[in-house]
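For reference, the structure discussed in these notes is given below.
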Amino acid sequence: MKIAGEYSSWNYISRGFAQGSILGPFIFNIFINDLLFIVKRCKLSSYADDTQILFAHNDYREVESAINSDLELADKWYDENGLRRNNSKYQAIVMGKSDPTLDNSSIPVPKEFEMLRITIGNK
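Okay, so the sequence shown: first residue is 1 according to the numbering used here, each after it adds one.
The following block contains the structure:
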């Protein structure tokens with residue numbers, strides 16, 4: 001790349017596409033397509049590079065168990081495919097009448113969060 005008359009040095013890239021490329025999002029979606037088959041108990045919802053893992057049950061302990069077991073499977077898939085999840089972007093929300101606390105949760109559990117520019121609350 002040339003900026004202000006100066007060229008950048010060459011680097012070897014083992015995988016990936018240039019950020020902002022037209023093919024990047026398309027190839028990314030093809031690449032993560034089989035993640036849907038890895039998750040066993042939960043539902044997966046993806047939009048571009050945002051993915052939500054969803055599970056509904058009356059017992060919050062069952063919700064926690066299902067999500068944690070599927071996150072373990074997803075982590076294994078990420079590792080096998082040379083990817084890492086960004087833990088700083090993880091958050092959970094528990095919706096319902098009561099306000100349970102998740103045992104030993106390393107994932108923040110806010111009262112509301114924003115998804116695709118829409119604020120969603122726990123009630």
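For every residue, glycine included, the Cβ atom is placed at its ideal position computed from N, Cα and C.
query: Answer with yes or no whether the minimum CB distance from Leu-23 to chain D is below 9 Å.; result: Chain labels in this structure do not include chain D; a single protein chain is all it has.
query: The beta strand (DSSP E) spanning Phe-55 covers which residue range?; result: From DSSP, Phe-55 is part of no beta strand (DSSP E); its letter is neither H nor E.
query: When you compare only the Cα positions, how much space is there between Ile-32 and Asp-59?; result: 30 Å
query: Can you pull the DSSP bridge partners for Phe-113?; result: Ile-120
query: Given Phe-55, which residues of its chain have a CB within under 6 Å of its CB, disregarding the five upstream and five downstream residues?; result: Cys-42, Val-63, Ala-66 and Ile-67
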